[in-house]
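Chains as they are written, first to last, in the working numbering: chain A, 859 to 1216; chain B, 15 to 166.
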C-alpha cells in the first residue's frame, strides 16, 4: 500500500503542473513552424510542464477540439501564440478559457516598458472586467517576442517556478478529466509534431491525419477587452451588421461573430476605450498592441504625401459605408451610431500632442 | 560639404544637409548612380515620427509609382502613416537593413537609415528650397496635426 503522504504529494504535483499550449501560426511558414517545434520539443522533457499544440487560437470555432482541450486544462496555463498578448488573453476569454492575468516578462515588441507603466497607472482600469474567473493564472505570450526558442523556454521555466505552490481549491473546479477520446491527440504532442512534419512534406498517412486537429479557416471578428470595456454600447449602436448583442447580465458581447465583415475594423475605431481588438488587423493598435487606435496616434500621412489625413471616426464611417454598399444596402454616413464621444477623444489628442514637445 | 541648414521645430533644431536634394514629402534624395537616388526621411520627419518600430512596403522593387501612390506603412511610438514616394518615378530597391529592424531610421536617417533607391520623374528641391518650404508650411503642418483634433 502506498503511504498517504506520498499520495498527497503525487496529487499536489499533478495539479501544480503548468500547461503550455502553443497556438500554431496560420499557414505553413517554415520559420514559425520551426520555432513552434523547437519550443515544444524542449518542453517535452521539462519537469512540471505539459505541452500541447492547437491550431491558431483565433481561427478555431467554438466546438473545435482544440478549444475543448483548452477548456479542459486545469490549473495554470501558458498560451504561446502569434498574436499580441492582449489579443490572446481576450480571445481565450471569449472562448471560455479564463483565469487571472499572469504577467509574462516577455513582451510584444511594440510594448515599450515605460508606456506600459503609464498606461497601467493612468487609465483603463474602469472596465467591467470578465466574469466567472477561476482561481488560476493564464499567461499569454506573443511568439513574435523573440526568434530564439531559449527565450521562451526560460520564461516558461520562470512561470513554472512561480507556480510551484498551488492553491488547494483548484481541485474543486477541474472539469476536464477524464478527457474524451477526441482530446487524446492534444496529450501526445510528440506524435502531433511528427504528424505535422509528415503533413508539411506531403507524406502524411491516414494515421498522421487522424492525429492532426480539424482544419480551421481564417476568421474575422472583434474580441472585446473587458478590462477596458465600460459597457457604453457605442459598438452595438454603430455596427449595422448585428455582430454585437448583450448577455443575460446586460453585458455587451460579440453575439454573431461570423456576421462581421472581413477586413472591417470600424467598431474598433469608434470604441471610446479602445477595447475592441481585431487580432488580424495590420495596424498594431487595432490588433491588440498596448496603446491606442487611429484616434490617438498622430497620422502623418497628409504631411508625407497622402491626401487623406482622416480622423478615426471618418475612417470608421467610410469602412462601414463600404460594407453596407457591398451588402446591397444604403450608406448611412454619420447619421447612425455616432455619439458625443468626440469630447474624450479631443482631450486625449491634446494630451498626446503635448507629449510631442515641439 | 558646405554648412548644413537648419529648421527650428519649436525648440528642436532639424538639420537639413546641403549635400543632397529634397521633396515636399519630407524626404531627402541623394544621387547614387545615373538618374538614381537614395531616398530617406529628413530630420523633420524623424522628429515627428520619433521611435520607428514598424515599416512595411506594399509594392515590389522595380515598381513604377505615381505621385501620392501609397507604397507602404510606417508606425512609430507617436504616429502612424502611409508611405508615399517623393514624386512620380520608379522605386528600384529597398534598404535591406531596415526590413527586419527599422530603427536605423532613427539612428542614421541621413546615412545607413535610407529607405529605398528611386528614379525620380520630376524636379527636386535644393536644401534651401526645402527649408523655405518648411518655413512656409510649418503653420499649416501644426494645424494639420492638431486639426485631427478639430475635425472629429
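By construction, the Cβ of each residue, glycine as well, lies at the ideal position given by its N, Cα and C atoms.
Remember, predicted model here, so these are calculated numbers, not experimental data.
Classification of residue i by the beta-carbon crowding that lies within 10 angstroms, buried from 16 upward
i	result
residue 115 of chain B	exposed
residue 908 of chain A	buried
residue 20 of chain B	exposed
residue 46 of chain B	exposed
residue 18 of chain B	exposed
residue 1032 of chain A	For residue 1032 of chain A, the predicted structure reports a pLDDT of 48, less than 50, and the residue's modelled location is therefore unreliable. A value from the coordinates is still provided. Result: exposed.
residue 150 of chain B	exposed
residue 1157 of chain A	buried
residue 1144 of chain A	buried
residue 1170 of chain A	buried
residue 53 of chain B	buried
residue 123 of chain B	buried
residue 917 of chain A	buried
residue 903 of chain A	exposed
residue 75 of chain B	exposed
residue 926 of chain A	buried
residue 43 of chain B	buried
residue 962 of chain A	buried
residue 943 of chain A	buried
residue 889 of chain A	exposed
residue 905 of chain A	exposed
residue 1131 of chain A	buried
residue 110 of chain B	exposed
residue 137 of chain B	exposed
residue 1063 of chain A	exposed
residue 920 of chain A	exposed
residue 153 of chain B	exposed
residue 881 of chain A	buried
residue 1135 of chain A	buried
residue 875 of chain A	buried
residue 1120 of chain A	exposed
DSSP bridge partner residues for residue i (one or two, in chain order)
i	result
residue 44 of chain B	B:52
residue 37 of chain B	B:41
residue 124 of chain B	Answer is none; residue 124 of chain B lacks a bridge partner.
residue 1157 of chain A	B:94
residue 28 of chain B	B:21
residue 132 of chain B	B:51 and B:105
residue 877 of chain A	A:908 and A:935
residue 996 of chain A	A:935 and A:959
residue 1110 of chain A	A:1104
residue 1134 of chain A	A:1082
Contact with chain C by residue i, beta-carbon distance below 8 Å
i	result
residue 954 of chain A	Protein chains A and B are contained in the structure displayed, whereas chain C is not.
Distance cut-off 7 Å: residue i Cβ against heavy atoms of the ligand ADP
i	result
residue 922 of chain A	Absence of the ligand ADP from the depicted structure is noted, as is the absence of any ligand whatsoever, leaving it without description.
Could you give the uninterrupted runs of the alpha helix (DSSP H) lying entirely in the stretch 67 to 107 of chain B, keeping only those of 4 residues or more? none
For the stretch 997 to 1008 of chain A, which residues have a beta carbon sitting closer than 9 Å to at least one beta carbon of chain B? none
Could you list the residues in the stretch 84 to 95 of chain B with a C-beta less than 9 Å from some C-beta on chain A, going in chain order? 84, 87, 88, 89, 90, 91, 92, 93, 94 and 95
Which ranges would you report for the alpha helix (DSSP H) in the stretch 919 to 960 of chain A if only whole runs of at least 4 residues count? 923 to 930 and 943 to 952
Taking contact to mean 3 or more Cβ pairs, one atom from each stretch, closer than 8 Å, check whether the stretch 24 to 33 of chain B and the stretch 63 to 72 of chain B are in contact. no
Pairing CB atoms from the stretch 1126 to 1140 of chain A with CB atoms from the stretch 928 to 936 of chain A, are three or more of them under 8 Å? no
Which residues, taken in chain order from the stretch 63 to 78 of chain B, show a beta carbon closer than 9 Å to some beta carbon of chain A? 63, 64, 65, 67, 68 and 70
Could you please tell me which residues of the stretch 144 to 155 of chain B, in chain order, have their CB closer than 7 Å to any CB of chain A? 155
Identify each residue in the stretch 1111 to 1142 of chain A for which the Cβ-Cβ distance to at least one residue of chain B is less than 9 Å, and report them in chain order. 1140, 1141 and 1142
Going along the chain, which residues of the stretch 18 to 51 of chain B sit with their C-beta nearer than 9 Å to a C-beta in chain A? 23, 24, 25, 26, 37, 38, 39, 40 and 41
With three or more beta-carbon pairs closer than 8 Å as the criterion, would you say the stretch 1002 to 1022 of chain A touches the stretch 885 to 903 of chain A? yes
So, do the stretch 1040 to 1050 of chain A and the stretch 908 to 923 of chain A have three or more beta carbon pairs nearer to each other than 8 Å? yes
Are the stretch 1098 to 1117 of chain A and the stretch 1063 to 1076 of chain A in contact at 8 Å, needing three or more beta carbon pairs? no
So does the stretch 32 to 42 of chain B actually touch the stretch 132 to 145 of chain B, counting three or more Cβ pairs closer than 8 Å? yes
Stretch-stretch touch, CB-based, cutoff 8 Å, three pairs: the stretch 123 to 140 of chain B with the stretch 1190 to 1197 of chain A: no
Touching by the beta-carbon criterion (3+ pairs, under 8 Å), the stretch 55 to 64 of chain B and the stretch 88 to 95 of chain B: yes
Can you pull out the residues from the stretch 941 to 955 of chain A whose beta carbon lies closer than 7 Å to at least one beta carbon of chain B? none
Could you name the residues of the stretch 1073 to 1101 of chain A whose beta carbon sits closer than 8 Å to any beta carbon of chain B, in the order they occur along the chain? none
Do the stretch 947 to 965 of chain A and the stretch 988 to 1004 of chain A make contact, defined as three or more Cβ pairs closer than 8 Å? yes
Completely contained alpha helix (DSSP H) runs for the stretch 1059 to 1107 of chain A, where each covers 4 or more residues: 1064 to 1069 and 1092 to 1096
With three or more C-beta pairs closer than 8 Å as the rule, is the stretch 1061 to 1068 of chain A touching the stretch 1088 to 1107 of chain A? no
What residues from the stretch 919 to 940 of chain A come within 8 Å of chain B, judged by C-beta to C-beta, listed N to C? none
Anything in the stretch 1174 to 1186 of chain A with a Cβ closer than 9 Å to a Cβ of chain B? List those residues in chain order, please. none
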